[in-house]
């Protein structure tokens, strides 16, 4: 399906009732899109976070927007008050169709958005952040369920 024929997106605030759908979206996004960049053990460790209690705060703690079309949630992105982009995930069947760009642009346009923004981007999302003029400044290795993930700081 061409981008031009995709259903219209509505961006709205994340709600408690979104958690189950966003957890599925998060895990599917990682399991289907990240294997190009990371080994299987790292992908699974990363995706498993959707099943942990902390996932609720991951969504509802920051200012999180959900992109929704007629099929339901197709992506989400969150920004903390500190200016940290805390999340940016898109359903695999809508990847590389502008959903992530729309979410990130909406977060950056918020009147209360801090002037200094930063994130810990995976290799998967690095091109999108570079498109928005974020630059790599350092690499951090984090451990999740015994697997190491390299995250790129950008600002």
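Residue numbers (the numbering used here): 22 to 176.
In this text, a Cβ means the ideal position worked out from N, Cα and C, and glycines have one as well.
Just so it is clear, the structure is predicted and the values come from calculations on it, not from any experiment.
DSSP beta-bridge partners of residue i
i, result
"residue 94", "89"
"residue 33", "87"
"residue 99", "85 and 108"
C-alpha distance - residue i paired with residue j, whole-angstrom precision
i, j, result
"residue 64", "residue 133", "34 Å"
"residue 112", "residue 97", "9 Å"
"residue 66", "residue 91", "31 Å"
"residue 58", "residue 144", "7 Å"
"residue 141", "residue 106", "8 Å"
"residue 124", "residue 109", "8 Å"
"residue 86", "residue 55", "22 Å"
"residue 82", "residue 48", "19 Å"
"residue 158", "residue 102", "21 Å"
"residue 38", "residue 114", "22 Å"
"residue 152", "residue 146", "10 Å"
"residue 149", "residue 128", "14 Å"
"residue 45", "residue 60", "21 Å"
Where residue i falls: helix, strand or coil (DSSP)
i, result
"residue 75", "helix"
"residue 159", "strand"
"residue 123", "helix"
"residue 116", "coil"
"residue 22", "Because residue 22 carries a pLDDT of 47, less than 50, the predicted location of this residue cannot be relied on, and no value is offered for it."
"residue 47", "helix"
"residue 56", "helix"
"residue 135", "coil"
"residue 146", "coil"
"residue 154", "coil"
Beta-carbon separation (whole angstroms), residue i vs residue j, contact threshold 8 Å
i, j, result
"residue 89", "residue 30", "7 Å"
"residue 139", "residue 104", "6 Å"
"residue 32", "residue 94", "Incorrect: roughly 11 Å between the Cβ atoms, too far for contact."
"residue 68", "residue 51", "4 Å"
Report yes or no: do the stretch 118-127 and the stretch 68-75 share at least 3 C-beta pairs separated by less than 8 Å?
-> no
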